[in-house]
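Its first residue numbered 6, the sequence shown is counted upward by one per residue in the working numbering.
Taking it in order: structure first as structure tokens, then the write-up.
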Amino acid sequence: MANQPVTEPGAADGDNEDETVPPSWHACRSNVLAADERAAKAASGPCDITGIMRLCCRHNVPLVFCDIDTPGERHHYAVALLKHLTNAVLNLERVGVLYDIGCRFPAKRNVKTLFSVTTTWAVSVFHVFGHSYQCQVLYSPCRIAGFGWSDGEGMERI
């Protein structure tokens, strides 16, 4: 195991994709620059904060914040925020997640096993139109039971 590169969970786009999930579930490869690991980003040092990742409830009340200290958004920030939420709230049975790249999470085996609650993923209303048509049909919160009129843009408004 010596000299093995250290990778972040879910760092590569196709890491740990669940083979039992139909290809249509992870067919969307929308061009989301913030999530692209290969996109050129501004240089930063090890102590630089490049952004903030936030989590709010369906009423747009901020619940959890964390610093982004890597270039661009990475999957592990969203996973860490959700893990914090599920550990902090007792008796939570299910959670609906609206995230700009929410279509990339359901097919990841390592993400599925992290949470003890049923997790439903969707793409926020504004961002879903930048995804493939198939992704829009599968992940629009308007088409998924339980999301009601939530648009997933609460953190964009803060």
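C-beta: ideal position from N, C-alpha, C; glycine also.
On a predicted model such as this, the values are computed, not experimentally measured, just so you know.
Q. Tell me the DSSP bridge mates of F70?
A. As a position in the sequence shown, residue 70 is number 65, starting the count at 1. As a beta-bridge residue in DSSP terms, F70 pairs with R59.
If I measure Cβ to Cβ from V133 and keep anything under 6 Å in the same chain, skipping five residues before and after, which residues do I get? Taking the sequence shown and counting its residues from 1, the one referred to as residue 133 is at position 128. Excluding sequence neighbours, V133 sits near Q141, S145.
Cα separation between A93 and L87? One-based indexing of the sequence shown puts residue 93 at position 88. One-based indexing of the sequence shown puts residue 87 at position 82. When rounded, the distance between both Cα atoms is 10 Å.
* Does the beta-carbon distance from L90 to A127 come in below 8 Å? -> Counting from 1 along the sequence shown, the entry for residue 90 is found at position 85. Counting from 1 along the sequence shown, the entry for residue 127 is found at position 122. Cβ distance not < 8 Å, so L90 and A127 don't count as in contact.
Between which two residues does the alpha helix (DSSP H) carrying G159 extend?
On the sequence shown, residue 159 is found 154 positions in, with the first residue counted as 1. Here the alpha helix (DSSP H) through G159 covers 159 to 162.
Report the option in T124, L60, F70 whose CA atom is closest to the CA atom of I54.
Residue numbering aside, residue 54 sits at position 49 when the sequence shown is read from its first letter. Taking only the C-alpha atoms, the option nearest I54 is F70.
Does DSSP put T91 in a helix, a strand or coil? Counted from its first residue, the sequence shown places residue 91 at position 86. Helix.
Q) Exposed or buried, which one is I57 when buried takes at least 16 other CB atoms within 10 Å? A) Stepping through the sequence shown from its first residue, residue 57 is reached at position 52. Under this definition I57 is an exposed residue.
Checklist entry - For the alpha helix (DSSP H) that contains V133, what are its first and last residues? => result Within the sequence shown, numbered from 1, the residue matching residue 133 stands at position 128. Element bounds for V133: 130 to 133.
Of the choices R109, L119, S121, whose alpha-carbon is the least far from that of R79? Locating residue 79 in the sequence shown gives position 74, where the first residue counts as 1. Nearest C-alpha to R79 among R109, L119, S121: R109.
(request) Could you check if G159 is buried or exposed, using at least 16 other CB atoms within 10 Å of its CB as the buried criterion? (result) Numbered from 1 along the sequence shown, position 154 holds the residue referred to as residue 159. Looking at its Cβ environment, which holds 16 or more other Cβ atoms inside 10 Å, G159 is buried.
- Task: Can you have a look at S155 and say buried or exposed, based on whether 16 or more other CB atoms are within 10 angstroms of its CB?
- Result: Residue numbering aside, residue 155 sits at position 150 when the sequence shown is read from its first letter. Buried.
Check your understanding: Which one of E98, I73, C61, A112 has the shortest CA to CA distance from S121?
Key -> Here residue 121 corresponds to residue number 116 of the sequence shown, with the count starting at 1. Comparing Cα-Cα distances from S121 to each of E98, I73, C61, A112, the minimum goes to E98.
| query | Apart from the five residues on each side of it in sequence, which residues of its chain come closer than 8 Å, Cβ to Cβ, to R148? | reply | Sequence index remark: in the sequence shown, residue 148 carries index 143 (1-based). The answer, listed in chain order, is V142.
Quiz item: CA-CA distance, D72 and H81?
Solution: Translated into positions along the sequence shown, residue 72 becomes position 67. Translated into positions along the sequence shown, residue 81 becomes position 76. Taking the straight line joining both Cα atoms gives about 12 Å.
Q | Nearest-angstrom Cα separation, counted from R114 out to P67 | A | Within the sequence shown, the letter at position 62 stands for residue 67. Within the sequence shown, the letter at position 109 stands for residue 114. If I take the Cα positions, the gap works out to 28 Å.
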